[in-house]
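Q:
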Amino acid sequence: MTLLTGLRSRLIGSESHFWEETMTKTFVSALLAGTVLASASFACETTLRSSDTHSEGYPTVVAVQLMGEMLEERTDGRLCIEVFHSAQLGEEKDTIEQTQFGVIDMNRVSLGPFNNIIPETQVPSLPYIFRSVEHMNTVMDGEIGDEILESFSAHDLVGLAFYDSGARSFYNSQKPIESMADLAGMKFRVQQSDLFVDMVAALGANATPMPFGEVYSGIQTGVIDGAENNWPSYESTGHYEVAKYYTLDQHLIVPEVLVMAKSSFEALSAEDQAIVRQAAKDSVPLMRERWIAREAASEQLVRDAGSEVITDIDKQPFIDAMVPVYEKYITSPELIDLVARIQAVE
Ligand code: BDP
Numbered sequence: 002m003t004l005l006t007g008l009r010s011r012l013i014g015s016e017s018h019f020w021e022e023t024m025t026k027t028f029v030s031a032l033l034a035g036t037v038l039a040s041a042s043f044a045c046e047t048t049l050r051s052s053d054t055h056s057e058g059y060p061t062v063v064a065v066q067l068m069g070e071m072l073e074e075r076t077d078g079r080l081c082i083e084v085f086h087s088a089q090l091g092e093e094k095d096t097i098e099q100t101q102f103g104v105i106d107m108n109r110v111s112l113g114p115f116n117n118i119i120p121e122t123q124v125p126s127l128p129y130i131f132r133s134v135e136h137m138n139t140v141m142d143g144e145i146g147d148e149i150l151e152s153f154s155a156h157d158l159v160g161l162a163f164y165d166s167g168a169r170s171f172y173n174s175q176k177p178i179e180s181m182a183d184l185a186g187m188k189f190r191v192q193q194s195d196l197f198v199d200m201v202a203a204l205g206a207n208a209t210p211m212p213f214g215e216v217y218s219g220i221q222t223g224v225i226d227g228a229e230n231n232w233p234s235y236e237s238t239g240h241y242e243v244a245k246y247y248t249l250d251q252h253l254i255v256p257e258v259l260v261m262a263k264s265s266f267e268a269l270s271a272e273d274q275a276i277v278r279q280a281a282k283d284s285v286p287l288m289r290e291r292w293i294a295r296e297a298a299s300e301q302l303v304r305d306a307g308s309e310v311i312t313d314i315d316k317q318p319f320i321d322a323m324v325p326v327y328e329k330y331i332t333s334p335e336l337i338d339l340v341a342r343i344q345a346v347e
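Numbers 2 to 347, taken from the working numbering, label the letters of the sequence shown in order.
1. By the three-class DSSP mapping on this structure, what secondary structure does L302 have?
2. For I337 and E74, what's the separation of their Cα atoms in angstroms?
3. Given the structure, does T332 come close to the ligand BDP, in the sense that its CB is under 8 Å from one of the ligand's heavy atoms?
4. Can you say whether P256 is buried or exposed, counting buried as having 16 or more other CB atoms within 10 angstroms of its CB?
5. Taking all protein chains shown into account, decide if S111 is buried (16 or more other Cβ within 10 angstroms of its Cβ) or exposed.
6. Suppose you measure from the CA of F163 to the CA of A244; what does that come to, to the nearest Å?
7. Specify which residues have a beta carbon nearer than 6 Å to any heavy atom of the ligand BDP, listing them in chain order.
8. With the cut-off set at 9 Å, would you say T248 and V224 are in Cβ contact?
9. Look at the alpha carbon of M141 and the alpha carbon of S265, and state the distance between them as a whole number of angstroms.
10. The beta strand (DSSP E) that contains Q251, what's its start and end?
11. Does DSSP put L8 in a helix, in a strand, or in coil?
12. Could you please give the first and the last residue of the uninterrupted beta strand (DSSP E) stretch that includes G227?
13. Going by DSSP in three states, F115 sits in which element: helix, strand or coil?
14. Using the three-state DSSP reduction, which class does V198 fall into: helix, strand or coil?
15. How many whole angstroms separate the CB atoms of P114 and E93, which I take to be in contact at a CB cut-off of 8 Å?
16. The alpha helix (DSSP H) with G214 in it runs from where to where?
17. Just checking my contact of Y246 with K176 at CB under 8 Å: how many whole Å lie between their CB atoms?
18. Measuring only the C-alpha atoms, how far is S133 from I254?
19. Indicate whether the contact test is met: 3 or more Cβ pairs, each with one atom in the segment 267-280 and one in the segment 189-203, closer than 8 Å.
20. Report yes or no: do the segment 68-87 and the segment 231-238 share at least 3 C-beta pairs separated by less than 8 Å?
21. What is the C-beta distance between L259 and V124, in whole angstroms, given that I count them as a contact (C-beta under 8 Å)?
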């Protein structure tokens, strides 16, 4: 059944012939007038509420919306997704808790804010664990990625898929950072993760964990000197307007994850659970295409706007400085083994 015939049959259901005719006419005139609602979710039996900190049009937001279209089509309208973008449901740390409680059905989040809750998420969040974005994709698309997704289930969540997030680098309002020594004593915002606080300390700087939505004013008012993120987030938040020095040290390649509340997932039939899992996986290549295009566009935009990008960075001192961070967080045999297996992936 196509999306439109599916929608029509849901609209008319088994009601009277009069109702059928009226609704069909209304629907057809709406179609002709071009006023059919952009989302047919009003007609869905169940609309899953999904949170995202990013604004409309950001690749993660679009990916979950596209997943919603697949779900609607594949379940004949039993399931839809409504994405509450722009942190409408709250900042990531809080929305994670709400998802664990089942107040929010789905959440697209960075792995960073899971670090203090789910030890396995610390491993792909380690600085310089991945040699490149390609290495990260190979690992997270494969068995190791599935194993990490599985680790969410002990925390009232179902891990559905990983999305791309490129590499994160430091930016600041004060000066071009050309070496690790230049970071000394500076104040940087990090995601709410102890691992990232220690990462910044190991580099000789001070970390302030802070919600994403407070970073712009934090830099503007001088509470922090800067933050760290990928090109699209540096651009979409406008942080480049208040912190023009971007140093391409690429210390983190942290994947994003799409999770579902265990209670919302378990409320579905086995058939619909399988459809949800598959639609999430199918949204990954669609996200990746948009991500690659957005990274290039964002980099261009901030360069054109006057950001000074420092590219000639010797990463080795940064990598060496991370040894104590690995030692502090990677203590159990399971996590030590996970690190070794990730590093062994070609
Ligand atoms: C962005 C992630 C987003 C994080 C944000 C942050 O996409 O999920 O919340 O960074 O730094 O890159 O908080």
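Note that the Cβ used here is the ideal one computed from N, Cα and C, for glycine as well.
Keep in mind it's a predicted model, so treat the numbers as computed, not measured.
A: In terms of the structure at hand:
1. Translated into the one-based positions of the sequence shown, residue 302 becomes position 301. L302 carries a helical assignment under DSSP once its states are collapsed to helix, strand and coil.
2. Position 336 of the sequence shown, counted from the first residue, corresponds to residue 337. Position 73 of the sequence shown, counted from the first residue, corresponds to residue 74. Each residue's Cα considered, the two are about 43 Å apart.
3. Translated into the one-based positions of the sequence shown, residue 332 becomes position 331. A distance criterion of 8 Å places the beta-carbon of T332 beyond contact range of the ligand BDP, judged by its closest non-hydrogen atom.
4. Start at 1 with the first residue of the sequence shown, and residue 256 comes out as number 255. Counting other Cβ atoms within 10 Å of its Cβ, P256 reaches 16 or more and is therefore classed as buried.
5. Translated into positions along the sequence shown, residue 111 becomes position 110. With 16 or more Cβ atoms within 10 Å of its Cβ, S111 is classed as buried.
6. Numbered from its first residue, the sequence shown carries residue 163 at position 162. Numbered from its first residue, the sequence shown carries residue 244 at position 243. Between F163 and A244, the C-alpha separation is close to 29 Å.
7. Listed along the chain, these residues meet the criterion: T54, E93, V110, S111, S166, Q192, F213, N230, N231, S234, E257.
8. Locating residue 248 in the sequence shown gives position 247, where the first residue counts as 1. Locating residue 224 in the sequence shown gives position 223, where the first residue counts as 1. Not closer than 9 Å, so no.
9. For the purposes of this step, residue 141 is identified with residue 140 of the sequence shown, where counting begins at 1. For the purposes of this step, residue 265 is identified with residue 264 of the sequence shown, where counting begins at 1. Between the C-alpha atoms of M141 and S265 there is a straight-line separation of about 25 Å.
10. As a first step, residue 251 must be located in the sequence shown, where it is residue number 250. Segment 246-253, the beta strand (DSSP E) holding Q251.
11. On the sequence shown, position 7 is the one that residue 8 refers to. Only weak support exists for where L8 lies, its pLDDT of 33 falling under 50; the value from the coordinates is given anyway. Helix, per DSSP.
12. Along the sequence shown, read from residue 1 onward, the residue named residue 227 stands at position 226. First-last of the beta strand (DSSP E) with G227: 227-230.
13. Residue 115 sits at position 114 when you count from the first residue of the sequence shown. Three-state DSSP puts F115 in a helix.
14. Numbered from 1 along the sequence shown, position 197 holds the residue referred to as residue 198. Here DSSP, grouped into helix, strand and coil, assigns V198 to helix.
15. Mapped onto the sequence shown, residue 114 falls at position 113. Mapped onto the sequence shown, residue 93 falls at position 92. Sure, about 5 Å apart at Cβ, within 8 Å.
16. Locating residue 214 in the sequence shown gives position 213, where the first residue counts as 1. No alpha helix (DSSP H) holds G214; DSSP gives it neither H nor E.
17. As a position in the sequence shown, residue 246 is number 245, starting the count at 1. As a position in the sequence shown, residue 176 is number 175, starting the count at 1. Indeed they touch by this definition, with Cβ atoms about 6 Å apart.
18. Here residue 133 is taken as the residue at index 132 of the sequence shown, counted from 1. Here residue 254 is taken as the residue at index 253 of the sequence shown, counted from 1. C-alpha separation (whole angstroms): 8 Å.
19. For the pair of segments examined, the segment 267-280 was found not to touch the segment 189-203: the number of CB pairs separated by less than 8 Å stays below three.
20. With contact defined as three or more Cβ pairs closer than 8 Å, the segment 68-87 and the segment 231-238 are not in contact.
21. Residue 259 sits at position 258 when you count from the first residue of the sequence shown. Residue 124 sits at position 123 when you count from the first residue of the sequence shown. In fact, because the Cβ distance is near 19 Å, the residues do not count as touching under 8 Å.
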